[in-house]
Structures are given as C-alpha cells and as structure tokens.
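Residues in the sequence shown are numbered consecutively from 16, following my numbering.
For reference, the structure is listed below as structure tokens.
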Amino acid sequence: MENTSEQIDSYRMAIYGQLLGKMAGRGGANFEKIRPSDIKWLFDTYDLFFFHNCITEKLRSTHGEISFRIKGDKSECGFKVNDHGHRHYFFYISISIFQDMPEKDCFDRAFCLLFVMEHQIIHLLMLLYNYQGKVQNDPSYSYHGSLYICMLRTFFGDVDTSHDLKGKEKESPGKSQAIMAKEIGRFSNVRNSCFLDSLLFVLLVSDGSNYIRDVLFNSDIRNIPYNVKQVCDRSKTIKTRQQVRELAYRIREMLKVDYRRLQGGEVFQCNTLRQELRKSDPEIGTGAVYTPIEVYGILAHLFPKLQVYFPPKFIVTEDISGNLNPVRETVGLTQKITFSDLEYFPYSIREYGPEGVGSFYIWDDINEPLIVFHNTGTNPHKFTEFIFKGRYRLFGAVMSRGRVSQTEEGGGHYNAFLRINDKWFYYDDMYPPTLRHLEKLPAKEIFEVGRTSIAELLFYERIEEIPSVPIRTTGIEKDEINFEPIEPVGNQMRLTAKYQTAYAGQILHSLGGTLKRKGGKYRATWLLDFDQVQTKRSQILDIVNIAITISPQTDGDVMIYSEDRFGFLGEKFRNMGGKPVEEGATYEGLTYHLRNRKPDDKIQDYYWKVPRENFHDTLAMIQKA
Numbered sequence: 016m017e018n019t020s021e022q023i024d025s026y027r028m029a030i031y032g033q034l035l036g037k038m039a040g041r042g043g044a045n046f047e048k049i050r051p052s053d054i055k056w057l058f059d060t061y062d063l064f065f066f067h068n069c070i071t072e073k074l075r076s077t078h079g080e081i082s083f084r085i086k087g088d089k090s091e092c093g094f095k096v097n098d099h100g101h102r103h104y105f106f107y108i109s110i111s112i113f114q115d116m117p118e119k120d121c122f123d124r125a126f127c128l129l130f131v132m133e134h135q136i137i138h139l140l141m142l143l144y145n146y147q148g149k150v151q152n153d154p155s156y157s158y159h160g161s162l163y164i165c166m167l168r169t170f171f172g173d174v175d176t177s178h179d180l181k182g183k184e185k186e187s188p189g190k191s192q193a194i195m196a197k198e199i200g201r202f203s204n205v206r207n208s209c210f211l212d213s214l215l216f217v218l219l220v221s222d223g224s225n226y227i228r229d230v231l232f233n234s235d236i237r238n239i240p241y242n243v244k245q246v247c248d249r250s251k252t253i254k255t256r257q258q259v260r261e262l263a264y265r266i267r268e269m270l271k272v273d274y275r276r277l278q279g280g281e282v283f284q285c286n287t288l289r290q291e292l293r294k295s296d297p298e299i300g301t302g303a304v305y306t307p308i309e310v311y312g313i314l315a316h317l318f319p320k321l322q323v324y325f326p327p328k329f330i331v332t333e334d335i336s337g338n339l340n341p342v343r344e345t346v347g348l349t350q351k352i353t354f355s356d357l358e359y360f361p362y363s364i365r366e367y368g369p370e371g372v373g374s375f376y377i378w379d380d381i382n383e384p385l386i387v388f389h390n391t392g393t394n395p396h397k398f399t400e401f402i403f404k405g406r407y408r409l410f411g412a413v414m415s416r417g418r419v420s421q422t423e424e425g426g427g428h429y430n431a432f433l434r435i436n437d438k439w440f441y442y443d444d445m446y447p448p449t450l451r452h453l454e455k456l457p458a459k460e461i462f463e464v465g466r467t468s469i470a471e472l473l474f475y476e477r478i479e480e481i482p483s484v485p486i487r488t489t490g491i492e493k494d495e496i497n498f499e500p501i502e503p504v505g506n507q508m509r510l511t512a513k514y515q516t517a518y519a520g521q522i523l524h525s526l527g528g529t530l531k532r533k534g535g536k537y538r539a540t541w542l543l544d545f546d547q548v549q550t551k552r553s554q555i556l557d558i559v560n561i562a563i564t565i566s567p568q569t570d571g572d573v574m575i576y577s578e579d580r581f582g583f584l585g586e587k588f589r590n591m592g593g594k595p596v597e598e599g600a601t602y603e604g605l606t607y608h609l610r611n612r613k614p615d616d617k618i619q620d621y622y623w624k625v626p627r628e629n630f631h632d633t634l635a636m637i638q639k640a
C-alpha cells in the first residue's frame, strides 16, 4: 500500500481542498472552531484516500470501536478493553493547533491539522496491529521508535514526529527549535564510551546541529555511491555496497532513537549505536581505544554531506620536482592557506607556481553550512569563536583530556563544550552534573593546547551566507515593445508594434516590419493572415530579449555569457571587456547557454570571466549596454 511521493502530495492536497471547503464558514484555512465530527470526517477521508478503507475494515473485523474528541493541550491515541474483550479506541486532537500560530512551521491551521492527523493515524495503526511495545524494552517498538518512523515515512512521506506542533520542543529529526539544557537527556558512560558520547552530544543537541541532523536523517541513502573500502576497510563482515547501504540505514535509525531519548530527558548508554558502528570498524568495540575523529570519519563516509572537515594548518606542499615537503608552522584563518587534501571544496582551488604545482585554498569562498576542523596537534591559538570575517561561529568543541602522548594514541578521557540556546555548557559523561552551564565560552581552554588537554574537533556553523550564484538564464528586454490593437485590413490583419530605439527598429525591420515615424513615435507594422498574427507576435517578443547565462566556475570565478543575434551589439560587448566565444573551444557552462540553440542559428556569443565579488557590477553593466 506504499504510495509514491507524487501520490502522497496529490492525496494530501485533495484532502486539504476538501477541508477548506468544510471550514469555509468558520474561517477557512485558519479556522477558529472545530468539532469532533470534523475529526471523524477527516479520519474517514484519510482512510479512503491512503488506506482504501482498510482501517475501517480492520476495526469491523476485530469488533473495535473508535471515538473522536477535541482535547486541550495534548493529542492522544489509545484504547480501553470492554467486558467482552473488545477494544474501544480513542482518537483525541489537541486544540493547541489554534494557538500561537507564529511559533509553528505550518503554512496554516488546516495544514497543521493534516499533519497531526497523519501522526495519530500511525499511532492507531501500531495499536490496531499490536506493534506498539511488541518487544519489551526494544526502542524500535517504542512510542516514537524506528517502526513508527518507518510507517510514517512509508504512508505519508514524513519523518517529523511532532504531534501538537506547539510547546517547548519539537521532535522533528531534521529541524527543531533548540531545547533548554534542563530538558536534555544524557549519555551514561560505559567502558570508554566517552569518545562517542561527547561527539554525539555535540552533533545532536547543540545550536548548530540542525544541519547535521538533516543530513543524518534525510539523506537519500539509496543513491549514494559508496566505496566499500573507504567506509569499512577494517570490517570482516561488510563486503558489498548494498551491505554498506544497509549499515547506513541502521545507523540512521539508531541515531533517531538516541536523539528522541535525549529530547525525552532519558539517561542511557548508546550501546546499540556502538554495535552498529563496530560493524564498520571492529575497533569501536567496548573497551577499545578510539577517538571521536575516527567516528566522525565513519559518519562522514556514510553521509557524504558531512564531509566538511580538514586540518587547520599547512600539512604538505609539493615542490617543482614533485617531492613532498612537510611544513611545520601554524597559520591563521585570515590568509590564503595551502592544503594537499581539497576533495571537499574543489571550487575553491586555485593553482599556482610556474607549472601549476600546488593549490591555494581561498577561505573567502567557503560557504558550507557546517565546517569541522580536525586539530592535528598544531596549537590553534589563532582560532576564535567567530572566524571567516564573522561569517562562522563555534558551536561545539570535543576535548581530549590526559597527557598529550596518551591523547595521540586515543587514550585519556573525552568531554565537550557546546552552545545550546546561545548559552555555553560543559558536557562530561562521567562526572556529575553531566551538563554544566558556563558563564562564557572558555576560549583559553579551547583554543590553546594545554599539557593535559587539547580540542580535537572544532565545529563551526555558518551564520552569514555568501549569496549563491547558480547557473541560470535571464534576459534583457532591450526595449519597451507595446502592441496596438489589431486592425482588419480587407482580408488581412494589421499588427502594429511601438518601439523606442534604433536597435529595436533594426530587429523589427529584419522580421519584415515596415518602419514608420509619426509625431515622435516609432511603429513597425505587418499585414498578415489571421492565423499568422499570434505566431508573429510571439516571434517579436522572443527576439527582443537578449539571453544571458550565469555560470559559476570551478576556480571560484563566474562566467557570464550573452549573445549578439543580429550583429548590432558586438562592438559594445567588446568595449565592455567581452570576448567572443571561439568555435571549437571548451567553456564551462556554455552548453547550458546554448541548450535551446538550433543547429542552423548563426549567432555570435560573448563571455566575461570575472571574480565572484565583481559579478553583480559586471552583470549590471551588460544589462545597461
């Protein structure tokens, strides 16, 4: 009974339309009143569209009954057993969907109601088929366990588990409001689990974790081309890409379960997740010496959008002879910095040297939502809470405690500093209180290597985005072309277009128009058969627009393409620094620019290759030409 995403959206919009009609006299989409009979009608409609009345049939075959009510502050679904052993289910919807609408992520109250209904229907199905709590103490069968999430995704394409769409916290695995520290659960240390506990706490509940959770919980695992050796090179059981994909699904579900348990205020051990990670690398087993850096590496290979980490220093450069020479020095984040590992930011590479040996890394080009720095031992004293001209802010630091020599071998103890609701906290899974509020960021402790501590991972979130420049086409409407009413002339029709410049006149004349000037006004006219009028009108409108294509380049610059259809603009384009596109040459983005071009079109194209910071000025200059 699984529906495609298109079917799900179609059914939901159909129900939404019917709901608006039903609420027309009560405020429409943001209705003020709702009755239990409305909930019953909505339930029956969902059963008809999504389940083909299977829920009603199941209730009938099991002698079950169901009642609907409007409640105060909490939506509920459950059942009571009568004297005959039959279940009477209750299906309650919270009235809180009418309140505090600005705090919700819904389009309107009607949409809120639909999503609440969908979540409650899944709870009813779990009760109806005896899935909820089927295996005692198994989180998969819990109230919001992995089975619930799977059913929600299967039937409604949804992974948001928030029911009342209100309140102090939202349980969406992807995006949620940050919750207060007193509401957060804890990991309990079990035989060297501190390396995993500290990392997961930063990844799941800090101010910068929205992006991380979205990647972990919503990535399209089916289409990730996994490299088995890269992900599970030490594994003895995972040998195929499909096995890696299955591992990613299991780890995702365990992370969701742990996230919900943290939100629920539980104190627990992350044993299940650790067992799944161990299938990628057996050394993660209980009692083993391991580091958060290696765990993050596994997650980043399973969920590639997390691959935004690198060492914050010069590591290796290559001289002209091809020899690798290590460079031992600390560098700041306000300079251009050289790296040897640039696979995650290819568009920011700029070659240098007489033979193009080596690369500059352009920090100003970085625009990722998240950056994770792996401190390889160099004192990061030039790091601060805000980096990249204030565009990125620290939200977490995983610390290693103990002698540095012991730390480099994966020993010692791990804990973390993290920001929650714009307040700083210290997290330690061994020494209560596990989460302690701090008056301010302990900058000296984080950004300097001490005798017994070092920040191994630094997490930064983007707080100011560089405006993106995607490949797109635009157009310059060179003239205000206005059409006069069509006039009959004998058996034909007169089409008249008013224009303002000589350029437009040349184009209209090339399209067969007769140019006339009267009283300072310019007109072009055509005598056409009736069935030719619309074709000619469309031709005129199409041809007076000059196509412009904007294409970002892999070296960080931007290419702007435009066209000279009739040979009237070439000189202007050249005077503005435009270069003619040469036949047979290769240009990045040109294929997209020419995608609608016919083989017999004889049009000269021009291009401008400009730094990103000059892009808007150059584009405006071309448009005004």
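Where is the CB? At the ideal position from N, CA and C, for every residue including glycine.
These numbers were taken from a predicted model, which means no experiment stands behind them.
Asked: Return helix, strand or coil for L339, following the three-state DSSP convention.; Found: In this prediction, L339 scores a pLDDT of 36, lower than 50, which makes its location untrustworthy; the coordinate-derived value is nonetheless stated afterwards. Strand, per DSSP.
Asked: In three-state terms, what does DSSP make of R50?; Found: coil
Asked: Quick one: Cα of F588 to Cα of A635, how far?; Found: 13 Å
Asked: Y241 and R256 - do their beta-carbons sit closer together than 8 Å?; Found: yes
Asked: Taking the alpha carbon of L262 as the point to measure from, which residue in F283, E281, L530, R289 has its own alpha carbon closest?; Found: R289
Asked: Relative to the C-alpha of I565, which residue among A517, K551, R552, T633 is closest?; Found: T633
Asked: Is the CB-CB distance between L523 and I555 below 8 Å?; Found: yes
Asked: CB-CB under 8 Å to Q22, same chain, minus the five flanking residues each way: which ones, in chain order?; Found: none
Asked: Can you give, in chain order, each stretch of the alpha helix (DSSP H) that sits fully within the stretch 402-480 and has at least 4 residues?; Found: 419-423, 458-462
Asked: Between which two residues does the beta strand (DSSP E) harbouring F232 extend?; Found: Where F232 is concerned, there is no enclosing beta strand (DSSP E), although the alpha helix (DSSP H) it sits in stretches over 224-233.
Asked: Looking only at C-alpha atoms, which of V230, H428, F398 sits nearest to P384?; Found: V230
Asked: Where L277 and F202 are concerned, what is the direct C-alpha to C-alpha distance, given to the nearest angstrom?; Found: 8 Å
Asked: Alpha carbon to alpha carbon, how far is W541 from S577?; Found: 29 Å
Asked: Just the Cα atoms here: how many angstroms apart are L584 and G593?; Found: 11 Å
Asked: Run through DSSP, which three-state label would S203 get?; Found: coil
Asked: So which of Y146, E133, K320 has the shortest CA-CA distance to D59?; Found: E133
Asked: Can you give the beta carbon distance from F232 to P307, rounded, assuming they're within the 8 Å contact cut?; Found: The pair is not a contact, with the Cβ atoms about 20 Å apart (cut-off 8 Å).
Asked: Pick helix, strand or coil for E502, following the three-state DSSP scheme.; Found: strand
Asked: Using a 10 Å radius around the Cβ and a threshold of 16 neighbouring Cβ atoms, would you call V387 buried or exposed?; Found: buried
Asked: Apart from the five residues on each side of it in sequence, which residues of its chain come closer than 7 Å, Cβ to Cβ, to L433?; Found: F216, V217, S221, F410, G411, F440, Y442
Asked: Evaluate D546 with the Cβ neighbour count: other Cβ atoms within 10 Å of its Cβ, from every protein chain shown; 16 or more gives buried, anything less gives exposed.; Found: exposed
Asked: Out of curiosity, what's the CA-to-CA distance linking A512 and G528?; Found: 9 Å
Asked: Looking only at C-alpha atoms, which of N286, P319, I30 sits nearest to R237?; Found: P319
Asked: Are the stretch 64-84 and the stretch 94-108 touching by the rule of at least three beta carbon pairs closer than 8 Å?; Found: yes
Asked: For G280, which option in I199, A600, P51, E454 has the closest C-alpha, if you only look at C-alpha atoms?; Found: I199
Asked: Count the other CB atoms, across all protein chains shown, that sit within 10 Å of the CB of Q549; report buried if there are 16 or more and exposed otherwise.; Found: exposed
Asked: Per DSSP, which one or two residues make a beta bridge with C654?; Found: In the structure displayed, the chain extends from 16 to 640; residue 654 sits before or after that span and is not available.
Asked: Can you give me the C-alpha to C-alpha distance between T169 and K617, rounded to a whole angstrom?; Found: 52 Å
Asked: Which of the three DSSP states is assigned to H134 in this structure?; Found: helix
Asked: What residues match up with N497 in a beta bridge as DSSP calls it?; Found: K513
Asked: Over what stretch of residues does the beta strand (DSSP E) that includes Q619 continue unbroken?; Found: 619-625
Asked: Please report the distance separating the alpha-carbon of R612 from that of T516.; Found: 26 Å
Asked: By how many angstroms is the C-alpha of M28 removed from the C-alpha of I49?; Found: 20 Å
Asked: For M574, which of helix, strand or coil comes out of DSSP?; Found: strand
Asked: Closest by CA to L472, which one among R416, S295, F403, Y274?; Found: R416
Asked: Using beta-carbon positions only, say whether Y475 and I561 come within less than 8 Å of one another.; Found: no
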